[in-house]
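These notes concern the structure reproduced below.
Numbering (the numbering used here), first residue to last: 18 to 389.
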């Protein structure tokens, strides 16, 4: 019985306040329709892409120096890097200048705070987020559907260009370091080449192994000639049956072999030829000079090859994003939802007026003068 009385009370209140409820709903209806029609219609354009793996721009991958299999799509770090670029003021300012957003948004570009409000307005209509498939969704809203799609695609291209530029700036610094190092090592190689020539000229050693073998063969041959002629002379000398000129010939050969041996062993040969003593004294210095020169030449060759690889990677256009879907001019509007606005306004007006009616009925018998 109590529930029925309460329900009848509610219905009675609605009936007594029916005109007020009707008028409030009509006012809310007309006002919300006017406001909804006055609001601009916005279209949303979306482009979807994945970041590229930064390893794709490494010379090791381009020239086959990496053994591991490289993923073409980027990691979480690559996603974060692209997201940071997308949120940068550099991108926002580029979009403002590229599409004349001061004029488009009706903001005075000459005012002190004009750029601030234009940035803020653009960021309200610009969203970059990672979707559930780890792809990046870039969305821009505008009253012109064609402009919205153009801005979304241009923003994606600018992100790609900025990411490539940052990577190429790093490569340019590496190239500059290699270039300075190559110049230094080239000068060092020339200096080492001069040192090799000076040491070779000083000791007359130009082909260490070959000259050493030649000196060894000459000394061995001289020693053999001395031993052979000495033995023959010992047997034949004083023998009346042997002609004198034969003995003299053997003596001459012996003296020649002894002279050749002495010259090979002497420190300052009269003919200026290389001796074994000079060879033994100079071979270490010449070998060290040649080793240093060869090592410097190999290192310079490695640096030149590395420099050329980095330069080739620097001159190669490797995209920083992999496009999944380009933005297209949207056909359907994104907002405002005018029907929802109107219905919500009418319902809110009805409920607010009804609440006011309940309050008025509940306290209509109260004598407010008693509280004064």
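All residues carry an ideal CB built from backbone N, CA and C; glycine is no exception.
For residue i, the three-state DSSP class (helix, strand or coil)
i	result
residue 149	coil
residue 214	helix
residue 135	helix
residue 62	strand
residue 108	helix
residue 124	coil
residue 141	helix
residue 57	coil
residue 93	helix
residue 159	strand
residue 322	helix
residue 345	coil
residue 88	coil
residue 333	coil
residue 195	helix
residue 32	helix
residue 177	helix
residue 130	coil
residue 51	helix
residue 202	helix
residue 114	helix
residue 18	With a pLDDT of only 44 at residue 18, under the threshold of 50, the placement of this residue in the model should not be trusted, and no figure is reported.
residue 391	In this structure the chain extends from 18 to 389, so residue 391 is not present and cannot be described.
Residue burial classification, residue i (beta-carbon count within 10 angstroms, cutoff 16)
i	result
residue 108	buried
residue 143	buried
residue 125	exposed
residue 56	exposed
residue 215	exposed
residue 194	exposed
residue 49	buried
residue 67	buried
residue 204	exposed
residue 47	exposed
residue 112	buried
residue 202	buried
residue 180	buried
Close Cβ partners of residue i (< 7 Å) along its chain, the five nearest in sequence each way excluded
i	result
residue 344	62, 63, 64, 166, 169 and 170
residue 191	327
residue 379	none
Residues near residue i in its chain [Cβ-Cβ closer than 8 Å; skip 5 each side]
i	result
residue 38	31, 367, 370, 371 and 374
residue 18	Residue placement at residue 18 is poorly supported in this model, since its pLDDT is 44, which falls under 50; the coordinates still yield a value, given next. If we look at residue 18 and ignore the five residues flanking it on each side, it has no Cβ neighbours.
residue 314	206
residue 35	none
residue 365	45
residue 160	57, 58, 59 and 60
residue 198	320
residue 90	67, 68, 69, 70 and 339
residue 318	none
residue 324	192, 195, 196 and 199
residue 330	74, 75, 76, 79 and 188
Strand pairing of residue i, partner residues [DSSP]
i	result
residue 68	338
residue 352	59
residue 154	65 and 146
Which listed residue (the options) has its alpha carbon closest to that of residue i
i	options	result
residue 173	327, 188, 106 and 340	340
residue 140	157, 178 and 359	157
residue 209	127, 311 and 145	311
residue 45	346, 352 and 361	361
residue 94	213, 151 and 347	151
residue 182	102, 316 and 194	102
residue 333	211, 132, 184 and 138	184
residue 92	119, 104, 71 and 177	71
residue 105	145, 304, 379 and 75	145
residue 53	357, 149, 365 and 377	357
residue 100	316, 159, 338 and 75	338
residue 316	43, 160, 121 and 200	200
residue 304	269, 213 and 355	213
residue 363	33, 43 and 29	43
residue 353	149, 121 and 51	51
residue 244	262, 219 and 270	270
residue 176	29, 137, 322 and 155	155
residue 121	135, 110 and 129	135
residue 115	164, 322 and 359	164
residue 148	96, 128, 119 and 110	96
Closer than 7 Å: residue i CB and nearest the ligand ATP heavy atom
i	result
residue 187	Looking for the ligand ATP in the displayed structure turns up nothing, as the structure carries no ligands at all.
Sequence-distant residues of the same chain with beta carbon closer than 6 Å to residue i, five excluded per side
i	result
residue 73	335
residue 309	209
residue 131	124 and 125
residue 306	212, 213 and 216
Closer than 8 Å to chain C by CB, residue i
i	result
residue 379	Although the question refers to chain C, the structure presented lacks it and comprises just one protein chain.
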